[in-house]
Amino acid sequence: MFTPPEYLSPSSIRTFRDCPQKFKIGRFDNIKEPPSWATHLGSFVHEVLEHLYGLPHEDRTNDSLKTLAGDLWTANEWEAKVLALTEPKGGIRDFKVEAFASMTNLWKLEDPAETDLDEMEMKLEADVEGVQMLGYIDRLMIDDEQSAIISDYKTGKIPNEKFTSEDDKFFQLLAYALMLEASDGVPTSKVELLYLTQSAKHELAATPVKLSIAKGTIVETKEALDAACGTGDFHCNVTKLCDWCHYKKIGICPAWKS
Numbered sequence: 003m004f005t006p007p008e009y010l011s012p013s014s015i016r017t018f019r020d021c022p023q024k025f026k027i028g029r030f031d032n033i034k035e036p037p038s039w040a041t042h043l044g045s046f047v048h049e050v051l052e053h054l055y056g057l058p059h060e061d062r063t064n065d066s067l068k069t070l071a072g073d074l075w076t077a078n079e080w081e082a083k084v085l086a087l088t089e090p091k092g093g094i095r096d097f098k099v100e101a102f103a104s105m106t107n108l109w110k111l112e113d114p115a116e117t118d119l120d121e122m123e124m125k126l127e128a129d130v131e132g133v134q135m136l137g138y139i140d141r142l143m144i145d146d147e148q149s150a151i152i153s154d155y156k157t158g159k160i161p162n163e164k165f166t167s168e169d170d171k172f173f174q175l176l177a178y179a180l181m182l183e184a185s186d187g188v189p190t191s192k193v194e195l196l197y198l199t200q201s202a203k204h205e206l207a208a209t210p211v212k213l214s215i216a217k218g219t220i221v222e223t224k225e226a227l228d229a230a231c232g233t234g235d236f237h238c239n240v241t242k243l244c245d246w247c248h249y250k251k252i253g254i255c256p257a258w259k260s
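The opening residue of the sequence shown carries number 3 in the numbering used here; numbering runs sequentially from there.
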């Protein structure tokens, strides 16, 4: 009934596992979720920090950050993007304050002038156990043992441990580790989540056990997706997350049409 996507990404795997119906509406019905305050905030912060680390080490200062943020805000028309949001959390000043606070919190986690990144926004295509994967690594560092350290900025809240397992929290980065080794032969020693709003760094050793669990998730999801494409049965996974789902709000999710 449906042709499975040529590639899967860690984020698309997460979407399908959260709710197959949400995956179907976005991918096959082509009804995209509009940008939100949170997604715009994350994109703007990522953009500015990527440019910050493109500067010489000695120029990675707070003043440079302010200049870059202002220049990119204008060049990429961020004000118009924020004003176009259908559900803003505040005005332009609120957005700027929240974004800049997240960026400056980076200095509480590391000194950009002393941090060496080998790659940023690195595109990866790889075959992981027969599953074609595509994704972009935020930050990649190679340590003294020639192993990778993969890290990602997060501008949202730290997930509640009661509802999010360690394997789920780090799945995206562990998937990148599998992709990196499959495509380039580079092993990963550690993955890191940099929670900028809360000035917290969460680390996990990329052990064979953790990588095996992530690999199993990828293969299991691909098999379930292929089966759903064959039958057309993309079930609705009704949870508390539905309250934040755009498709429920606009009345097109079958689980909430009544």
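Cβ coordinates follow ideal geometry from the N, Cα and C atoms, glycine included.
Applying the 10 Å Cβ sphere with the 16-neighbour rule, what's the burial state of residue i?
i      : result
ASP140 : buried
LYS24  : buried
HIS237 : exposed
MET135 : buried
TYR178 : buried
VAL193 : buried
THR157 : buried
SER214 : exposed
MET277 : What the structure shows of the chain is the stretch from 3 to 260, and residue 277 is not part of that stretch, so it cannot be assessed.
PRO210 : exposed
TRP2   : Since the first and last residues shown for the chain are 3 and 260, residue 2 lies out of range.
THR223 : buried
Within the continuous alpha helix (DSSP H) that includes residue i, where are the two ends?
i     : result
VAL99 : 94-106
Apart from the five residues on each side of it in sequence, which residues of its chain come closer than 6 Å, Cβ to Cβ, to residue i?
i     : result
ALA77 : none
LYS91 : TRP39
Quick check on residue i: does DSSP put it in helix, strand or coil?
i      : result
SER191 : strand
GLY137 : strand
ALA226 : helix
TYR155 : strand
HIS248 : helix
GLU183 : helix
ALA216 : helix
ALA257 : helix
ASP169 : helix
GLU205 : strand
LEU142 : strand
Among the residues of its own chain, which have a CB less than 7 Å from the CB of residue i, if the five just before and after it don't count?
i      : result
LEU70  : VAL50, HIS53 and LEU54
LYS125 : TYR138
LYS110 : SER201
ILE160 : TYR197, GLN200 and ALA202
PRO6   : LEU227, ASP228 and CYS231
Can you give me the start and stop residues for the beta strand (DSSP E) that residue i sits inside?
i      : result
VAL130 : 121-130
Between residue i and the rest of its own chain, which residues show a CB-CB distance below 8 Å, the 5 nearest in sequence each way excluded?
i     : result
ILE27 : ILE33, TYR249, ILE254 and CYS255
4 or more residues per run - each alpha helix (DSSP H) lying fully within the region 14-93:
Runs of alpha helix (DSSP H) with 4 or more residues, each lying fully within the region 14-93, are found at 22-29, 39-54, 64-77 and 80-85, listed in chain order.
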